[in-house]
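Chemist: No gaps in the numbering here: position 179 of the sequence shown is 179 in UniProt numbering, and each next residue is one more.
By construction, the Cβ of each residue, glycine as well, lies at the ideal position given by its N, Cα and C atoms.
Below: one structure in structure tokens.
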Amino acid sequence: MTRDTGLADTVVLDLLGLHGSLGSPVIESMNFLNEVSSRFPDAVSFAAGRPYEGFFDIEEVHRYLRVYRDHLMERLGDEVLVRRTMLQYGRTKGVIHDLVARNLLLDEGIDVDPESIVVTVGCQEALYLTVRALRRDGRDALLSVFPCYVGVAGAAALADMPLLPVAGSPEGIDLDDLVAVVHRARADGMRPRALYVVADFANPSGVSLGRATRERLLALAGELDLLILEDNPYGLFHGEEERAPTLKALDPGGRVVYLGSFAKTGIPGARVGYVVADQRAGNGLLADQLAKIKSMLTVNTSPIAQAVIGGKLLANGCSLRAANARETRVYQGNLRHMLDGLRERFPSESRVSWNTPEGGFFVVLDVPFPADDELLEHSAREHRVLWTPMHHFYGDGLPRPQIRLSFSHLTPGEITIGLDRLARFVARRCEAP
Ligand SMILES: Cc1ncc(COP(=O)(O)O)c(C=O)c1O
Numbered sequence: 001m002t003r004d005t006g007l008a009d010t011v012v013l014d015l016l017g018l019h020g021s022l023g024s025p026v027i028e029s030m031n032f033l034n035e036v037s038s039r040f041p042d043a044v045s046f047a048a049g050r051p052y053e054g055f056f057d058i059e060e061v062h063r064y065l066r067v068y069r070d071h072l073m074e075r076l077g078d079e080v081l082v083r084r085t086m087l088q089y090g091r092t093k094g095v096i097h098d099l100v101a102r103n104l105l106l107d108e109g110i111d112v113d114p115e116s117i118v119v120t121v122g123c124q125e126a127l128y129l130t131v132r133a134l135r136r137d138g139r140d141a142l143l144s145v146f147p148c149y150v151g152v153a154g155a156a157a158l159a160d161m162p163l164l165p166v167a168g169s170p171e172g173i174d175l176d177d178l179v180a181v182v183h184r185a186r187a188d189g190m191r192p193r194a195l196y197v198v199a200d201f202a203n204p205s206g207v208s209l210g211r212a213t214r215e216r217l218l219a220l221a222g223e224l225d226l227l228i229l230e231d232n233p234y235g236l237f238h239g240e241e242e243r244a245p246t247l248k249a250l251d252p253g254g255r256v257v258y259l260g261s262f263a264k265t266g267i268p269g270a271r272v273g274y275v276v277a278d279q280r281a282g283n284g285l286l287a288d289q290l291a292k293i294k295s296m297l298t299v300n301t302s303p304i305a306q307a308v309i310g311g312k313l314l315a316n317g318c319s320l321r322a323a324n325a326r327e328t329r330v331y332q333g334n335l336r337h338m339l340d341g342l343r344e345r346f347p348s349e350s351r352v353s354w355n356t357p358e359g360g361f362f363v364v365l366d367v368p369f370p371a372d373d374e375l376l377e378h379s380a381r382e383h384r385v386l387w388t389p390m391h392h393f394y395g396d397g398l399p400r401p402q403i404r405l406s407f408s409h410l411t412p413g414e415i416t417i418g419l420d421r422l423a424r425f426v427a428r429r430c431e432a433p
């Protein structure tokens, strides 16, 4: 069908005739969250969970490319092969898998065969590949601790996989609820395939699982015959205290598919992530099956982008822990500044409370009014402060009396100004009839 616009006939497609995910609030969220800050450039944004841009350095990108080129030259001994590796179409599972494996061993104590790694276009592609592979038919379902990262809800929606919520808790996950959700789903004829969880400084909650909870979760996953999809973009950004090992490091039996991202510890614009899928599938590894899907989705991850991240790994002896010491200090400082600032501005009688994560990028604030996108726009326009309504992490568009505050890409001075504005906005909102 066509419509006369005065300029040319334009084809009009009925949204109901397109993929079901396109009409769902889930799929709107990523763009909304990415774009809302640019619509209000003079507002302080607690909305986007982005790395601090003061760390960005284009000269470093050139240096990393040279480091990686020299590394290849040493290994391959032939300029033609070096150019081919860096500039030609390449291996579907990636070319820096050996460096990623070394990084996992050094930083996380995760010991995996490089062949079990697929280097992806960000963690987002890793999520999609994994979810897509796990969905055989309409009975397959994914579970996630709720509220959850919008990226996993989106990946599940694109793969036509229902996402079943498991209740969060101060310990990170309500394990009784996990059992109940799995039993209920099976009684309804569904096949729960995997549980998605961010065990360290979750997005949006900031909550981490303690070691005992991790061990109980792994044992339960065995009893319930569930895979665990562990996503860990924030784990390195913790304080002085000892961090619990990742689920993958604690996993003796291959229950955990590990999803990684270099967006926070490397360079977000490189768009490089990975999945460790060392489970056996058919004659090979699950990673080989994921690579088949990748070959039809993005063919391979840009080798130039991989070279940048590979160079950063090589320049730091493959450990990103030391390479991110300055970043960790800044994010930890911002977290403390945020928590101190909240305490100063919201006394106990204010009916505002918040959680106190020990790392990561996020704090969640409980407020005495429902917070939706309209209220966010009002806050941005009238008070010049942005935050994220928590409904984006439930995927149902229902306003809740909670907002997520991200402090990662701001300076302490900007956090102070933003909190002053937030306090005025909340006070006004509480006065409103
Ligand atoms: C939980 C979670 N996973 C993954 C990512 C990063 O994904 P990508 O590597 O695609 O940028 C983010 C970034 O916001 C995140 O919060």
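Using CA coordinates, which residue listed in Val44, Gly260, Leu13, Asp225 is at the minimum distance from Pro412?
Modeler: For the purposes of this step, residue 412 is taken as the residue at position 412 of the sequence shown. Ranking the options by Cα distance to Pro412, first place goes to Val44.
Chemist: Grab me the residues of Val308's own chain with a C-beta within less than 7 angstroms of its C-beta, minus the 5 sequence neighbours each way, in chain order.
Modeler: As a working note, residue 308 is residue 308 in the sequence shown. Cβ neighbours of Val308 beyond the five flanking positions: Val61, Tyr64, Leu65, Ile267, Ala270.
Chemist: On a Cα-Cα basis, can you pick out the residue from Gly418, His409, His383 that is closest to Arg428?
Modeler: As a first step, residue 428 must be located in the sequence shown, where it is residue number 428. Among Gly418, His409, His383, the Cα nearest to that of Arg428 is on His383.
Chemist: Report the residue ranges of all alpha helix (DSSP H) runs contained in full by the stretch 37 to 123; include only those spanning at least 4 residues, in chain order.
Modeler: You should have 58 to 76, 79 to 87, 97 to 108.
Chemist: Consider the C-beta atom of Cys430 and the heavy atoms of ligand 1; say whether any pair is separated by less than 7 angstroms.
Modeler: Counting from 1 along the sequence shown, the entry for residue 430 is found at position 430. No, the Cβ of Cys430 stays beyond 7 angstroms of every heavy atom of ligand 1.
Chemist: Spell out the partners DSSP gives Gln332 in its beta bridges.
Modeler: The sequence position of residue 332 within the sequence shown is 332, counting from 1. Answer is none; Gln332 lacks a bridge partner.
Chemist: Mapping the DSSP letters down to three states, classify residue 434 as helix, strand or coil.
Modeler: Because the chain in this structure spans residues 1 to 433, residue 434 falls outside the shown range and cannot be described.
Chemist: By Cβ distance, which residues of its chain are closer than 8 angstroms to Val197, with the 5 residues on each side in sequence left out?
Modeler: By 1-based counting over the sequence shown, the position of residue 197 is 197. Excluding positions up to five away in sequence, the list reads Ser144, Val145, Gly172, Ile173, Leu209, Leu217, Ile228, Leu229, Glu230, Asp231, Leu247.
Chemist: By the 10 Å Cβ neighbour count, where 16 or more other Cβ atoms means buried, how is Phe56 classified, buried or exposed?
Modeler: To locate residue 56, count along the sequence shown from 1; it is residue 56. Phe56 comes out exposed.
Chemist: Leaving out five residues on either side along the sequence, give the residues of the same chain with a beta carbon under 6 angstroms from the beta carbon of Ala156.
Modeler: To locate residue 156, count along the sequence shown from 1; it is residue 156. Excluding residues within five positions, the ones whose Cβ falls inside 6 angstroms are Val131, Leu142, Leu163.
Chemist: Please name the residue or residues paired with Gln402 in a DSSP beta bridge.
Modeler: Reading the sequence shown from its first residue, position 402 is the one you call residue 402. DSSP output for Gln402 lists Asp366 as bridge partner(s).
Chemist: Let me check understanding here. Comparing Cα to Cα, which of Tyr52, Glu59, Ser29 lies closest to Glu414?
Modeler: Mapped onto the sequence shown, residue 414 falls at position 414. For Glu414, the nearest C-alpha among the options comes from Tyr52.
Chemist: Once you ignore the five residues that flank Phe425 on each side, which residues in its own chain have a CB closer than 8 angstroms to its CB?
Modeler: Taking the sequence shown and counting its residues from 1, the one referred to as residue 425 is at position 425. Result list for Phe425: Ser379, Glu382, His383, Val385, in chain order.
Chemist: Is His238 helix, strand or coil by DSSP?
Modeler: Here residue 238 refers to the residue found at position 238 of the sequence shown. DSSP places His238 in strand when its eight states are reduced to three.
Chemist: Please report the Cβ distance between Leu178 and Leu220, rounded to the nearest whole angstrom; I am assuming they are in contact, meaning their Cβ atoms lie under 8 angstroms.
Modeler: For the purposes of this step, residue 178 is taken as residue 178 along the sequence shown, with counting starting at 1. For the purposes of this step, residue 220 is taken as residue 220 along the sequence shown, with counting starting at 1. That pair is a contact at about 6 angstroms.
Chemist: Looking at Ala244 and ligand 1, is the gap between the Cβ and the nearest heavy atom below 7 angstroms?
Modeler: As a first step, residue 244 must be located in the sequence shown, where it is residue number 244. Outside the cutoff, so no.
Chemist: Taking C-alpha atoms, which residue in Glu358, Trp354, Ile58 lies nearest to Asn334?
Modeler: Position 334 of the sequence shown holds residue 334. It is Glu358 whose Cα lies nearest to the Cα of Asn334.
Chemist: Determine the DSSP secondary structure at Leu247, reduced to helix, strand or coil.
Modeler: As a first step, residue 247 is located in the sequence shown; it is residue number 247 there, counting from the start. Looking at Leu247 - three-state DSSP - the assignment turns out to be helix.
Chemist: Buried or exposed: which applies to Tyr89, given that a residue is buried once 16 or more other Cβ atoms fall within 10 Å of its Cβ?
Modeler: Counting from one through the sequence shown, the residue named residue 89 turns up at place 89. Exposed, because fewer than 16 other Cβ atoms sit within 10 Å of the Cβ of Tyr89.
Chemist: Pick out whichever of Arg193, Val118, Tyr149, Ile110 has its Cα sitting closest to the Cα of Arg136.
Modeler: Here residue 136 corresponds to residue number 136 of the sequence shown, with the count starting at 1. Among Arg193, Val118, Tyr149, Ile110, the Cα nearest to that of Arg136 belongs to Arg193.
Chemist: Measuring straight from C-alpha to C-alpha, what distance separates Arg421 and Arg243?
Modeler: The residue labelled residue 421 in the question sits at position 421 within the sequence shown. The residue labelled residue 243 in the question sits at position 243 within the sequence shown. Spanning the two alpha carbons is a distance of roughly 34 angstroms.
Chemist: Express the C-alpha separation of Arg84 and Asp78 in angstroms, rounding to a whole number.
Modeler: In the sequence shown, the residue the question calls residue 78 occupies position 78. In the sequence shown, the residue the question calls residue 84 occupies position 84. Cα to Cα, Asp78 sits roughly 10 angstroms from Arg84.
Chemist: Taking the C-alpha atoms as reference points, what is the distance between Val207 and Leu175?
Modeler: By one-based count along the sequence shown, residue 207 stands at place 207. By one-based count along the sequence shown, residue 175 stands at place 175. Taking the straight line from one Cα to the other gives about 15 angstroms.
Chemist: List the endpoints of the continuous beta strand (DSSP E) containing Glu377.
Modeler: Numbered from 1 along the sequence shown, position 377 holds the residue referred to as residue 377. Run containing Glu377: none in the beta strand (DSSP E); it sits in the alpha helix (DSSP H), 373 to 378.
Chemist: Can you tell me the Cβ-Cβ gap for Val364 and Ser205, rounded? I've got them flagged as a contact below 8 angstroms.
Modeler: Counting from 1 along the sequence shown, the entry for residue 364 is found at position 364. Counting from 1 along the sequence shown, the entry for residue 205 is found at position 205. Between Ser205 and Val364 the Cβ distance is about 6 angstroms, and since that is below 8 angstroms, they are a contact.
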